[in-house]
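Chains as they are written, first to last, in the numbering used here: chain U, 2 to 192; chain P, 2 to 192. Yeah, the Cβ is synthetic: ideal placement off N, Cα and C, and Gly gets one too. Please read the structure below before turning to the comments.
Protein chains: 2
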Amino acid sequence: MDEQQAGSQDPELGPWARHRRTPLYATPRLTAYRDEVTFPDGSTGPYNWVQVPDQVRIAALVDGAILVCEQHHYLTGVMWQLPGGAVDPADASPEAAARRELAEETGYRDGAWSSLGALHPLPGATPARVHLWAAHAPDPYPASPEPVEADLKVHHVPLDEALSAVRDGRIRCAASAALVLAVGRQAQQGA
Amino acid sequence: MDEQQAGSQDPELGPWARHRRTPLYATPRLTAYRDEVTFPDGSTGPYNWVQVPDQVRIAALVDGAILVCEQHHYLTGVMWQLPGGAVDPADASPEAAARRELAEETGYRDGAWSSLGALHPLPGATPARVHLWAAHAPDPYPASPEPVEADLKVHHVPLDEALSAVRDGRIRCAASAALVLAVGRQAQQGA
């Protein structure tokens, strides 16, 4: 594949410098690159990384419960996870993606939305972020899961049980765990 | 590269089936695959994913403060992150990797260690996990950062400020955020 010459004086790189970027392969959801870089100590070498779409996760709060999706993930087995998924090219914004994913997976829409920022799931391997939202008191409509979600079940889990599920490993998606803990902390401070 | 025939009746795959696995390329820290699968709804298609090393993150608690590493990451810019890194092939276990990383990055060793489980940072793209630990009252020794960490600074951050740093986005590594929130919850419940 083509190699690209990249500027080595990019101020956003801080103590790093980039000398060359080589795309290794591209798929619709994952592109891999090898960059030749100067490390912060002045030595040089390759830095391999992947571009994957940004993601969204939503803490949807309905009558004191939080909506939790249970499904069998191809790579990681059965997991509890907050509703969410990848930001698609057709989504106008991460918030639009979050509203679409919540509606597709759970049927819930609208309510009062607020941002809880964004996290880097694997900052050494990808610049992708997971954008986090809270949706208070959304309204129920029919769901429309994707083919990979045909086995998806939606649970209404009391917030205290969701916090226990982070501790005992039922919720082991990193962004879901962080979002449940953040919402739990908000609820406690608001009480 | 070689294609591998994989059994399609793997019970761990639940409602999924795998028909073929094709390695796309391999580097020391990242291997990419394309699997041909049957999705939970019965349709078929490709599933692209990557294997990266498991990681570790440590909440090291010293005199009411938590140790936070600040460095300029190549892909994501300046970040606050809890000490940690990849599990190396030479590490006897994730806990051994955590003890090694904490000592390399901060100089702190020993103390009272406890597991806080493991999270999947990107369960749709990789089966890798981040193993989480708390280290209470470790002892200080000289640090020995790696070449990519030459700019690494270690801060002793009061736990309340670390919790604020999750909220305001200074701590935006997903596993670090989840671990700070979990330790903050433990501290509050123990108080």
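Secondary structure of residue 165/U (DSSP, three-state): helix.
Using a Cβ-Cβ cut-off of 8 Å, residue 81/P does not count as an interface residue toward chain U, since no Cβ of chain U sits closer than that to its own. When DSSP reads this structure, residue 115/P sits in a beta bridge with 135/P. Sixteen is the threshold: when 16 or more other Cβ atoms of the shown chains lie within 10 Å of the Cβ of residue 167/P, as they do, the residue is buried. Assignment of residue 53/P by DSSP, reduced to helix, strand and coil, places it in the coil class. Residue 154/P and residue 71/P do touch by the CB rule: their CB atoms are close to 5 Å apart, below 8 Å. When the five nearest sequence neighbours on each side are left out, the beta carbons in the same chain lying within less than 8 Å of the beta carbon of residue 129/U are those of 52, 53, 54, 55, 56, 121, 122, 123, in order along the chain. Residue pairing by DSSP places residue 130/P in no beta bridge whatsoever.
Between residue 140/P and residue 169/P, the gap from beta carbon to beta carbon reaches 8 Å or more. Just so you know, the alpha carbons of residue 127/P and residue 95/U end up roughly 22 Å apart. Contacts with chain U (Cβ-Cβ distance below 9 Å) from the stretch 29-51 of chain P involve 29, 30, 31, 33, 35, 36, 38, 40, 41, 42, 43, 44, 46, 47, 48, 49, 50, 51, listed in chain order. By the criterion of a C-beta distance shorter than 6 Å, residue 136/P is surrounded in its chain by 59, 61, 112, 114, once the five residues flanking it on both sides are discounted. Chain P has a Cβ within less than 8 Å of the Cβ of residue 128/U. Here residue 88/U carries a coil assignment [DSSP, helix/strand/coil].
The criterion of a C-beta distance shorter than 8 Å is satisfied by residue 25/P and residue 26/U.
For residue 33/U, the three-state secondary structure derived from DSSP is strand. Under the 8 Å criterion on CB atoms, residue 155/U is classed as non-interfacial with respect to chain P. When beta bridges are read from the DSSP output, residue 140/U appears opposite 110/U. Spanning the alpha carbons of residue 86/U and residue 22/P requires a straight line of approximately 24 Å.
Cβ proximity to chain P below 9 Å picks out 73, 74, 75, 76, 77, 78, 79, 80, 82, 86, 87 from the stretch 73-100 of chain U. Residue 187/P and residue 19/U have their C-alpha atoms roughly 42 Å apart. In this structure, residue 157/P and residue 63/P form a Cβ contact; the two beta carbons are roughly 6 Å apart against a cut-off of 8 Å. Under the 10 Å beta carbon count, residue 79/U is surrounded by fewer than 16 other beta carbons and is classified as exposed. Note on residue 91/P: under 16 other CB atoms within 10 angstroms of its CB, so exposed under the neighbour-count rule. Bridge partners of residue 28/U according to DSSP: none are assigned. Contact annotation: residue 163/P and residue 181/P have beta-carbon atoms nearer than 8 Å. In the three-state DSSP reduction, residue 47/P falls in the strand class (E or B). DSSP places residue 153/U outside any alpha helix (DSSP H), giving it a letter other than H or E. In this structure, the straight-line span from the alpha carbon of residue 49/U to that of residue 48/P is close to 21 Å. Of all alpha-carbon atoms in 98/U, 81/U, 73/U, the one lying nearest the alpha-carbon of residue 88/U is that of 98/U.
Residue state for residue 100/P is assigned as helix, using DSSP reduced to three classes.
For residue 174/U, the chain P residues whose C-beta falls within less than 8 Å of its own C-beta are 120, 121, 124, listed in chain order. A direct Cα-to-Cα measurement between residue 109/P and residue 44/P gives close to 52 Å. Not a single C-beta of chain U is nearer than 8 Å to the C-beta of residue 57/P. Residue 76/U carries a coil assignment under DSSP once its states are collapsed to helix, strand and coil. Residue environment analysis places residue 118/P among the buried positions, since at least 16 neighbouring C-beta atoms fall within 10 angstroms of its C-beta.
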